[in-house]
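**Q**
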Amino acid sequence: MSANPHSKQDALGALNAIPAAERAPTFNEPWEAQAFAITLALHRRGVFTWDEWAAMLGREIKDAQARGDPDTGTTYYHHWLAAIERVVREKGITDEQTLLRYREAWDKAADRTPHGQPIELTPEDMV
Numbered sequence: 011m012s013a014n015p016h017s018k019q020d021a022l023g024a025l026n027a028i029p030a031a032e033r034a035p036t037f038n039e040p041w042e043a044q045a046f047a048i049t050l051a052l053h054r055r056g057v058f059t060w061d062e063w064a065a066m067l068g069r070e071i072k073d074a075q076a077r078g079d080p081d082t083g084t085t086y087y088h089h090w091l092a093a094i095e096r097v098v099r100e101k102g103i104t105d106e107q108t109l110l111r112y113r114e115a116w117d118k119a120a121d122r123t124p125h126g127q128p129i130e131l132t133p134e135d136m137v
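Counted the way our numbering counts, the sequence shown spans residues 11 to 137.
Structure follows, in structure tokens:
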């Protein structure tokens, strides 16, 4: 099935019709965009189908709600990240120890990074 050649133009026209002051950013933080990009990369590599992803993300959101998440939308990408971690564990790409090692490394890097600066991992963070 071929794509509608006007669909991109139509979408851009619809976006431009929304006053700039009323447009919300797609991502509130850079890490949210990175989590989104990781998900796209994993899908493109065939790690999961979109149906699998939707089910995984849905489970994470329901689990969070069961733990008391107020579901206001502010934690959406936290659930997204948890779904990425779950899928790579379940697919055997990594294990919980490796995920924990990276979480701790990111925490170290964040602690030493001045506010507003990009956080970068160094080999010392991984120790």
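For glycine and all other residues, C-beta sits at the position ideal for the given N, C-alpha and C.
Kindly examine the ligand SAM and report whether one of its heavy atoms sits closer than 7 Å to the Cβ of Gly126.
**A** The ligand SAM is not among the ligands present in this structure, which contains no ligands whatsoever.
**Q** Is the Cβ-Cβ distance between Tyr86 and Ala45 less than 8 Å?
**A** Cβ distance not < 8 Å, so Tyr86 and Ala45 don't count as in contact.
**Q** Can you tell me the Cα-Cα spacing of His53 and Gln75, whole angstroms?
**A** 26 Å
**Q** Once DSSP output is grouped into helix, strand and coil, what is the label at Leu52?
**A** In this structure, DSSP gives Leu52 a helical state, which the three-state scheme calls helix.
**Q** Taking only the alpha-carbon atoms, compute the straight-line gap between Glu70 and Asp135 and give it to the nearest angstrom.
**A** 28 Å
**Q** Taking the continuous alpha helix (DSSP H) assigned at Lys118, which residues delimit it?
**A** First-last of the alpha helix (DSSP H) with Lys118: Glu106 to Arg122.
**Q** What does a CB cutoff of less than 8 Å around Lys101 pick up in its chain, not counting 5 residues either side in sequence?
**A** Val57 and Phe58
**Q** Alpha carbons only, please: which of Trp90, Ile129, Pro133 and Ala43 is nearest the one belonging to Arg111?
**A** Pro133
**Q** Just confirm the distance between the C-beta atoms of Trp90 and Leu67, as a whole number of angstroms; I'd bet it's less than 8 Å.
**A** 6 Å
**Q** Quick one: using the 10 Å Cβ neighbour count with 16 as the cut-off for buried, is Ala120 buried or exposed?
**A** exposed
**Q** Report all residues from its chain with a CB closer than 6 Å to the CB of Glu42; omit the five preceding and five following residues, and keep chain order.
**A** Tyr87
**Q** From Lys118 to Gly126, what does the alpha carbon distance come to, in whole angstroms?
**A** 16 Å
**Q** Got a sec? Which residues, its chain only, sit under 6 Å from Phe37 by beta carbon, not counting five neighbours each side?
**A** Short of 6 Å from the beta carbon of Phe37, and not among the five residues preceding or following it, lie these beta carbons of its own chain, in chain order: Ala43.
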